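For the numbering used here, add 36 to where a residue sits in the sequence shown, where the first one is 1.
From the three backbone atoms N, C-alpha and C, an ideal C-beta is built for every residue, glycine too.
Keep in mind that this is a model prediction, so the values were computed, not measured.
Here is the structure we will look at.
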Amino acid sequence: MTTIKRARLTRDRPTIHPPLPFTTTIHKTHYQKSPTESKAPEARTALGKSFATSTSIFPIQLTPSNKAEHVLTTLDQLVSWARQSSFWPLSFGLACCAVEMMQVSMPHYDQDRLGIIFQASPRQSDVMVVAGTVTNKMGPALRQCYDQMPDP
């Protein structure tokens, strides 16, 4: 029997991107806008300069100096974005079914390259995979690990 629990969507993992500068956004509802205002949203800094906000999934837009740098920068940003969306399972192998989960970590499948990393701590995991039969003795331990996992 396999039990799955999804954890919170926000993660406490380090990101590769440097922090964005402090900005304050001025929000107005649609009925408060005057017809002369532009439709692009704006953000204002402490100095009063105005910047249009980006709708890109990548938070930093750098101008590369050549094509190779452009490809590598874009690839690094894409990999960083994909790593933020990966999940970390908690392996709870109770019988011979756990061998099947171990095979996923071997070089033929190599789950690490996809961002799937088995965690030993339930507080850092996103998904609990229970492979095997849960007996009366293992029930309380399984429940304790399940309770220690973060809520979705």
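Using the Cα positions of Leu-111 and Arg-149, report the straight-line distance between them to the nearest angstrom. Residue numbering aside, residue 111 sits at position 75 when the sequence shown is read from its first letter. Residue numbering aside, residue 149 sits at position 113 when the sequence shown is read from its first letter. Looking at the two C-alpha atoms, the distance is approximately 14 Å.
Bridge-paired residues (DSSP) for Gly-151: By 1-based counting over the sequence shown, the position of residue 151 is 115. DSSP, once it has assigned bridges, lists no residue as partnering Gly-151.
When the Cα atoms are used, what is the spatial distance from Ala-137 to Gln-120? Within the sequence shown, numbered from 1, the residue matching residue 137 stands at position 101. Within the sequence shown, numbered from 1, the residue matching residue 120 stands at position 84. Looking at the sequence provided, one finds Met at residue 137 rather than Ala. If you take the alpha carbons of Met-137 and Gln-120, they lie about 23 Å apart.
Would you list the residues sitting across from Ala-167 in a DSSP beta bridge? Looking up residue 167 in the sequence shown gives position 131. Per DSSP, Gly-129.
Measure the alpha-carbon distance for Ile-152 versus Gly-175 and round it to whole angstroms. Locating residue 152 in the sequence shown gives position 116, counting from the first residue. Locating residue 175 in the sequence shown gives position 139, counting from the first residue. When rounded, the distance between both Cα atoms is 26 Å.
Contact under 8 Å by Cβ, Asp-183 with Pro-125: Looking up residue 183 in the sequence shown gives position 147. Looking up residue 125 in the sequence shown gives position 89. Not closer than 8 Å, so no.
Pick helix, strand or coil for Asp-187, following the three-state DSSP scheme. Within the sequence shown, residue 187 is the residue found at index 151, counting from 1. Reduced to three states, the DSSP call for Asp-187 is coil.
Could you check whether Ala-134 and Gly-169 sit closer than 8 Å to each other, using their CB atoms as the reference points? Counted from its first residue, the sequence shown places residue 169 at position 133. Counted from its first residue, the sequence shown places residue 134 at position 98. The sequence given here places Thr at residue 169; Gly does not occur at that position. No. Outside cutoff.
Rounded straight-line distance, which links the Cα of Ala-156 to that of Pro-143: The sequence position of residue 143 within the sequence shown is 107, counting from 1. The sequence position of residue 156 within the sequence shown is 120, counting from 1. Answer to the nearest angstrom: the Cα atoms are 20 Å apart.
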